[in-house]
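Visitor: Protein chains in written order, with our numbering: chain A, 1 to 342; chain B, 1001 to 1544.
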Amino acid sequence: MNRTRIILRKVAWSVFTIFFVIILNFFLFRVLPGDAARAGIRDPRLKKEAVEMLRVRFGLDKPVINCFESLNPIELGSCNVNPLDTQFFIYVRNLLQGELGVSYHTNRPVAEILSERLWNTVLLIGAGQIFSIILGMALGVFAAWKARTYLDYGAVATSLIAWSLPTFWLGIILLFWGSSNGFPLAGKATPGMSSMPLLQQWGDIARHMFLPTLTYTIVYMGEYTLIMRSSLVDVLSEDYILTAKAKGLSAFQILKDHALRNAMLPLVTVIAINLGFTVAGAIQIEAVFSWPGLGSAIFEAVERRDFPMLQGAFLLIAVAVIIANFLADLTYTWLDPRVQVE
Amino acid sequence: MKQKALYLFMLFALVLSACGGGASQPVTARIGWAGSPDTLNPGMAILIESYTIFELVYDSMYELNLDGSFTLSLAESAEVSDDGMVWTFKIRDGIEWHDGQPLTAEDIAWTYNLYKDTPEYPYLNGYYTPYFDTIVATENNEVILTLTEAIPNVESQLMFLYILPKHVWEGVDKLEYENFEMIGSGPFKMAEYVQSEFVRLTANKEHFSTPPKIDEVVFQTFSNQDALVQAIKSGQLDMITEMPNTAAASLDEDPNIELVVGAPLAPGVSDIIFNQMDPENCPTEEGGICSGHPALRDRNVRLAMSHATDKQQLIDVVLLGLGEPGLTLIPDGLGVWYNNSIEDFAFDVAKANQILDDAGYADTDGDGVREMPDGSQPLNFRLNWPSDSINAPRMAELLGEMWGQIGITLEPQAVDPDALTAQCCPAFDFDIMIWGWASDPDPSALLYVYTTDAIPYGSSETGYSNPAYDDLYNQQQVTLDFEARKDIVWEMQRIVHEDVVYIIPFYDSSVQAFRTDRFTGWITDQAKVELSGVTSLTQIEPVK
Chain A
1 MNRTRIILRK
11 VAWSVFTIFF
21 VIILNFFLFR
31 VLPGDAARAG
41 IRDPRLKKEA
51 VEMLRVRFGL
61 DKPVINCFES
71 LNPIELGSCN
81 VNPLDTQFFI
91 YVRNLLQGEL
101 GVSYHTNRPV
111 AEILSERLWN
121 TVLLIGAGQI
131 FSIILGMALG
141 VFAAWKARTY
151 LDYGAVATSL
161 IAWSLPTFWL
171 GIILLFWGSS
181 NGFPLAGKAT
191 PGMSSMPLLQ
201 QWGDIARHMF
211 LPTLTYTIVY
221 MGEYTLIMRS
231 SLVDVLSEDY
241 ILTAKAKGLS
251 AFQILKDHAL
261 RNAMLPLVTV
271 IAINLGFTVA
281 GAIQIEAVFS
291 WPGLGSAIFE
301 AVERRDFPML
311 QGAFLLIAVA
321 VIIANFLADL
331 TYTWLDPRVQ
341 VE
Chain B
1001 MKQKALYLFM
1011 LFALVLSACG
1021 GGASQPVTAR
1031 IGWAGSPDTL
1041 NPGMAILIES
1051 YTIFELVYDS
1061 MYELNLDGSF
1071 TLSLAESAEV
1081 SDDGMVWTFK
1091 IRDGIEWHDG
1101 QPLTAEDIAW
1111 TYNLYKDTPE
1121 YPYLNGYYTP
1131 YFDTIVATEN
1141 NEVILTLTEA
1151 IPNVESQLMF
1161 LYILPKHVWE
1171 GVDKLEYENF
1181 EMIGSGPFKM
1191 AEYVQSEFVR
1201 LTANKEHFST
1211 PPKIDEVVFQ
1221 TFSNQDALVQ
1231 AIKSGQLDMI
1241 TEMPNTAAAS
1251 LDEDPNIELV
1261 VGAPLAPGVS
1271 DIIFNQMDPE
1281 NCPTEEGGIC
1291 SGHPALRDRN
1301 VRLAMSHATD
1311 KQQLIDVVLL
1321 GLGEPGLTLI
1331 PDGLGVWYNN
1341 SIEDFAFDVA
1351 KANQILDDAG
1361 YADTDGDGVR
1371 EMPDGSQPLN
1381 FRLNWPSDSI
1391 NAPRMAELLG
1401 EMWGQIGITL
1411 EPQAVDPDAL
1421 TAQCCPAFDF
1431 DIMIWGWASD
1441 PDPSALLYVY
1451 TTDAIPYGSS
1461 ETGYSNPAYD
1471 DLYNQQQVTL
1481 DFEARKDIVW
1491 EMQRIVHEDV
1501 VYIIPFYDSS
1511 VQAFRTDRFT
1521 GWITDQAKVE
1531 LSGVTSLTQI
1541 EPVK
């Protein structure tokens, strides 16, 4: 089948999925109980008129959509209103114009906050992924090559333990260890560093990244090692590997030219899925190390019923997951030409 | 292999960090807190962290002292007309904004008018300016404030109205302006702000009344309280504004750390809320459901529950001793307004049982739970609390045991805070809730919660309605004589305590800590504790 057609079809599906997510995002958060304008604020100084003004400002005074005043509690309303004057269509129209709205909580444009946070998350998780992929693959290959020796058992046991460690707990342990070794415990940079030379700023960020990245790497390395090992052990038992051995190829050549490429497929799948969710941030790691990433932003937004922020963030995650899967599909066809067929 | 990975990382980090260092450092106080300002636009801000920053960067007409009194700040004198309606403030000469422009009465009048004319500002317009009629600046650098009615608490009404520079704010959208530059006139200047990460302020050594002795102060956000505690222990922070009570003991043992416990500057109170809303008066138009258990509308039941509540045990177990027993919604932190003459209902289980026996709540079917006098339903109450509360789960467990001794059972359940708000008021769709309030330095805000007016507004969480109390509330709003107003406020507390509208288990204490080897001069001997306030931060200096 024609490669371009397959890609086109995948693109079309992706667009459809994103469209579906846009609709779902809107209703999902409005089904939550609570009042976005009050957002759980407990203060007798917050008067009813003030809450009403907030509601008007956020557009929450308008019906959710034709026939529905609100979704939780369900309140039916007039069906005979101008659809363009309902929350749903205002949301869709703004989105089509590239407007994500203003965060209720921080009074700032959502797009601005998301871009700040996204960069932080990509930095942290990106570094964590790169280290865990490299180390996980290396350890997996090593274990598979030494299969059924004590070295293999040791590597598998280590990976299993690393993979099953609760992220939060591991983070706290490393945090305690790091605090006595001079590593910063919170944030992305030392306040006041922005006036320093660029190299120093990077050094400072790297110091801040150390503990969270280490946590991330340990947890994900275990997963990658196990997948790499089991997949490679399978491949190594194939006849063509035996043939390669018979031809007198070195261990390195067999691994590099014959085994690895085939063994990579399952790992690519898992990496692609993980990369997609990278954007959601590793909420637990961000919480332990006060890393200002997307995960913590989403957490705050849920607490405050910050609809624009939630909608924007979930859209971003959806797009990231879809793109990651799309790229994974493309990588398959490159790794294994047989995958080209439908 | 894992080891290697670790060393590899360390090497990477060390190489990069080696490039740092050098240059003479300014004297910086590093403060850790668990929050972060929501916005720097004073009109739109809601979170207390924002107000902490405003307090340092802006000036206002009055400053709240740690003993609960007020002092004039921007004005050198204030005069009030005999009828209490017209206030004339003489503004100090020679005050400058952080950008060098002069601060005059013109800026103040402009700012007050901005707050008064912007109904979208939830607190500053909604609560603090409704009594403003006109505000004008005179040529003598005076501000003349005319009120719509004479009120006794002008100081507390003005203290949160931070003065903004007219020359900056005139040209911006007053709602959407993010105010990152934050030109103010206060003892600290905004230097750097990264949302959810840190706020860095530099000293305004030219400040007219309280120039700081240090050069900088940094507020670092921690999303994890254990990390906060660990950071002060390891010397990465000089002060922390909050901590889990469980950490307090371990910090107290550290020779380089001093723990400070006291009433918070912004009063906070924990309450056990009884739904007393009579379905006949249910505010259905506002979404009232009024499904409360009928027994809770009987004072005898509430009184018995009060006698069966061991507040000291709650404080010892839930707060690990760091709190004071409560009486009414007006906490001891409100100083003179707190009625300390009220004698609380003694912890006495036998008496509690007696009260319920006498009122006809007997256990007729012998299952250990009392029934209504008409036998219709058992005294089994739903107990809810916001799921983000650290204290409430332990409290719920203890209350279950305490009230179990008088034949009352509970169905405890944590609820998402927003959902709980929806359940609470004015829906009145609950029996008992554990929650709390934050409030104003003036008692009026919390006294309002008990009024009949507050029921449809959603501020009343009990549905309590007492015309005599409502009258007193309105009286204290307009009683200008301090002593007379105090007497009314005390009487109101006596009434609601006698009616057992709530059980107030305790008043939360502010628990803060600072490192003794970094700075001296923290203010710790006052009635209230606020180490991150102007009072401490302008006084501290490095340990020699």
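Every residue, glycine too, gets a C-beta built ideally from N, C-alpha and C.
Because the structure is a prediction, the values reported are computed rather than measured.
Does the beta-carbon of G178(A) have 16 or more other beta-carbons within 10 angstroms, so that it is buried, or is it exposed?
Guide: In the first sequence, counting from the first residue as 1, residue 178(A) sits at position 178. Result: buried.
Visitor: Output needed for T1148(B): all residues of its chain with C-beta closer than 6 Å, excluding positions within five of it in sequence on either side, in chain order.
Guide: Position 148 of the second sequence, counted from the start, is the residue given in the question as residue 1148(B). Answer for T1148(B): Y1131, D1133, listed in chain order.
Visitor: Identify the continuous beta strand (DSSP E) that holds R1382(B) and give its terminal residues.
Guide: Residue numbering aside, residue 1382(B) sits at position 382 when the second sequence is read from its first letter. Element bounds for R1382(B): 1380-1386.
Visitor: Any Cβ of chain A within less than 8 Å of the Cβ of N1256(B)?
Guide: The count along the second sequence starts at 1 and reaches residue 1256(B) at position 256. Chain A, which has no Cβ nearer than 8 Å to the Cβ of N1256(B), makes this no.
Visitor: Can you tell me where the alpha helix (DSSP H) with K1311(B) in it begins and where it stops?
Guide: Reading the second sequence from its first residue, position 311 is the one you call residue 1311(B). 1311-1318 is the extent of the alpha helix (DSSP H) around K1311(B).
Visitor: Determine the direct distance from the alpha carbon of V1199(B) to that of H1098(B), and round the result to whole angstroms.
Guide: Along the second sequence, one-based indexing puts residue 1098(B) at 98. Along the second sequence, one-based indexing puts residue 1199(B) at 199. Straight-line Cα distance between these residues: approximately 17 Å.
Visitor: Look up S290(A) in the DSSP assignment and say whether it is helix, strand or coil.
Guide: Numbered from its first residue, the first sequence carries residue 290(A) at position 290. Coil, per DSSP.
Visitor: Can you give, in chain order, each stretch of the alpha helix (DSSP H) that sits fully within the region 1131-1184 of chain B and has at least 4 residues?
Guide: 1154-1158, 1166-1169
Visitor: Assuming contact is defined by CB atoms lying nearer than 8 Å, are S296(A) and G222(A) in contact in what I supplied?
Guide: Counted from its first residue, the first sequence places residue 296(A) at position 296. Counted from its first residue, the first sequence places residue 222(A) at position 222. The answer is no: Cβ separation not under 8 Å.
Visitor: Applying a beta-carbon distance threshold of less than 8 Å, which residues of chain B neighbour R57(A)?
Guide: As a position in the first sequence, residue 57(A) is number 57, starting the count at 1. Residues of chain B passing the Cβ test: E1120, L1175.
Visitor: Since I believe I1091(B) is in contact with E975(B) (beta carbons under 8 Å), could you give me their beta-carbon distance rounded to a whole number of angstroms?
Guide: Because residue 975(B) is not part of the residues shown, which for chain B are 1001 to 1544, the question remains open.
Visitor: For the region 72-100 of chain A, which segments carrying the alpha helix (DSSP H) assignment without a break, of at least 4 residues, lie completely within its bounds, in sequence order?
Guide: 87-96
Visitor: I need the boundaries of the beta strand (DSSP E) containing A1203(B), first residue and last residue.
Guide: Here residue 1203(B) corresponds to residue number 203 of the second sequence, with the count starting at 1. Per DSSP, A1203(B) belongs to the beta strand (DSSP E) from 1198-1203.
Visitor: Using only CA atoms, which one of G1068(B), K1233(B), V1369(B) lies nearest to S1156(B)?
Guide: Against the second sequence, residue 1156(B) aligns to sequence position 156. Among G1068(B), K1233(B), V1369(B), the Cα nearest to that of S1156(B) is on G1068(B).
Visitor: Using three-state DSSP, classify F1430(B) as helix, strand or coil.
Guide: Counted from its first residue, the second sequence places residue 1430(B) at position 430. Taken through DSSP and simplified to helix, strand or coil, F1430(B) comes out as coil.
Visitor: In angstroms with no decimal places, state the Cα-to-Cα distance between L1420(B) and W1385(B).
Guide: By one-based count along the second sequence, residue 1420(B) stands at place 420. By one-based count along the second sequence, residue 1385(B) stands at place 385. Roughly 7 Å separates the two Cα atoms.
Visitor: Consult DSSP for M1001(B) and reduce its assignment to one of helix, strand or coil.
Guide: Taking the first residue of the second sequence as 1, we reach residue 1001(B) at position 1. Interpretation of M1001(B) is limited by its pLDDT of 42, a score under 50 that renders its predicted location unreliable; the figure taken from the coordinates is listed afterwards. Looking at M1001(B) - three-state DSSP - the assignment turns out to be coil, as it is neither helix nor strand.
Visitor: Please go through the same chain and pick out, in chain order, the residues whose beta-carbon is closer than 8 Å to the beta-carbon of S1050(B), but skip the five residues on each side of it.
Guide: Along the second sequence, one-based indexing puts residue 1050(B) at 50. So the qualifying residues of the chain are P1037, D1038, T1039, L1040, P1042.
Visitor: Per DSSP, what kind of secondary structure is R1092(B) in: helix, strand or coil?
Guide: Here residue 1092(B) refers to the residue found at position 92 when the second sequence is read from its first residue. Looking at R1092(B) - three-state DSSP - the assignment turns out to be coil, as it is neither helix nor strand.
Visitor: Taking Cβ to Cβ, would you say L1074(B) is nearer than 8 Å to S1060(B)?
Guide: Numbered from its first residue, the second sequence carries residue 1074(B) at position 74. Numbered from its first residue, the second sequence carries residue 1060(B) at position 60. Yes.
Visitor: Give a yes or no on whether the minimum CB-CB distance between S1017(B) and chain A is below 8 Å.
Guide: On the second sequence, position 17 is the one that residue 1017(B) refers to. Because S1017(B) carries a pLDDT of 46, less than 50, the predicted location of this residue cannot be relied on, and the following value inherits that uncertainty. Yes - at least one Cβ of chain A is within 8 Å of the one on S1017(B).
Visitor: Under a Cβ-count criterion, where at least 16 other Cβ atoms within 10 Å of its own Cβ denotes burial, should A1468(B) be classed as buried or exposed?
Guide: Within the second sequence, the letter at position 468 stands for residue 1468(B). Label assigned to A1468(B): exposed.
Visitor: What separation, rounded to the nearest whole angstrom, lies between the Cα atoms of I1540(B) and P1441(B)?
Guide: As a first step, residue 1540(B) must be located in the second sequence, where it is residue number 540. As a first step, residue 1441(B) must be located in the second sequence, where it is residue number 441. Rounded to whole angstroms, I1540(B) to P1441(B) spans 25 Å at the Cα level.
Visitor: Kindly indicate the opening and closing residues of the alpha helix (DSSP H) around L1356(B).
Guide: Locating residue 1356(B) in the second sequence gives position 356, counting from the first residue. Where L1356(B) is concerned, the enclosing alpha helix (DSSP H) stretches over 1349-1358.
Visitor: Looking at V64(A) and Q87(A), is the spacing between their C-beta atoms short of 8 Å?
Guide: The residue given as residue 87(A) occupies position 87 in the first sequence. The residue given as residue 64(A) occupies position 64 in the first sequence. In this structure, V64(A) lies closer than 8 Å to Q87(A) by Cβ.
Visitor: Answer yes or no: do L1228(B) and A1034(B) have a C-beta to C-beta separation smaller than 8 Å?
Guide: Numbered from its first residue, the second sequence carries residue 1228(B) at position 228. Numbered from its first residue, the second sequence carries residue 1034(B) at position 34. Contact flag set, yes.
Visitor: Can you name the residues of chain A whose CB is closer than 7 Å to the CB of A1419(B)?
Guide: The sequence position of residue 1419(B) within the second sequence is 419, counting from 1. Here the neighbours are P33, G34.
Visitor: Terminal residues of the continuous beta strand (DSSP E) containing K1189(B)?
Guide: Counting from 1 along the second sequence, the entry for residue 1189(B) is found at position 189. Element bounds for K1189(B): 1188-1194.
Visitor: Are there 16 or more other CB atoms within 10 angstroms of the CB of L60(A), so buried, or fewer, so exposed?
Guide: Mapped onto the first sequence, residue 60(A) falls at position 60. Buried, by the Cβ-count rule.
Visitor: By DSSP, does Q1236(B) sit in helix, in strand, or in coil?
Guide: For the purposes of this step, residue 1236(B) is taken as the residue at position 236 of the second sequence. Of the three classes helix, strand and coil, the one that applies to Q1236(B) here is coil, per DSSP.
Visitor: Among the candidates Y1177(B), G1533(B), L1383(B), whose CA atom is the shortest distance from the CA of F1274(B)?
Guide: The residue given as residue 1274(B) occupies position 274 in the second sequence. Out of Y1177(B), G1533(B), L1383(B), the CA that lies nearest to the CA of F1274(B) is found in L1383(B).
Visitor: Are any of the Cβ atoms in chain B nearer than 8 Å to that of V122(A)?
Guide: For the purposes of this step, residue 122(A) is taken as residue 122 along the first sequence, with counting starting at 1. Nearest CB-CB separation between V122(A) and chain B: not below the 8 Å threshold.
Visitor: For D1499(B) versus L1296(B), is the C-beta spacing smaller than 8 Å?
Guide: Here residue 1499(B) is taken as the residue at index 499 of the second sequence, counted from 1. Here residue 1296(B) is taken as the residue at index 296 of the second sequence, counted from 1. Not closer than 8 Å, so no.
Visitor: Quick check on this structure: which residue in F27(A), T213(A), A186(A) has the alpha carbon closest to the alpha carbon of V122(A)?
Guide: Along the first sequence, read from residue 1 onward, the residue named residue 122(A) stands at position 122. Considering only alpha carbons, the answer is T213(A).
Visitor: Among M228(A), L84(A), H105(A), N80(A), which residue has its Cα nearest to the Cα of F142(A)?
Guide: Locating residue 142(A) in the first sequence gives position 142, counting from the first residue. Measuring from the Cα of F142(A), the nearest candidate turns out to be M228(A).
Visitor: For L1446(B), would you say it is in contact with chain A, using Cβ-to-Cβ distances shorter than 8 Å as the test?
Guide: Start at 1 with the first residue of the second sequence, and residue 1446(B) comes out as number 446. For L1446(B), the answer is yes, since a Cβ of chain A falls inside 8 Å of its Cβ.
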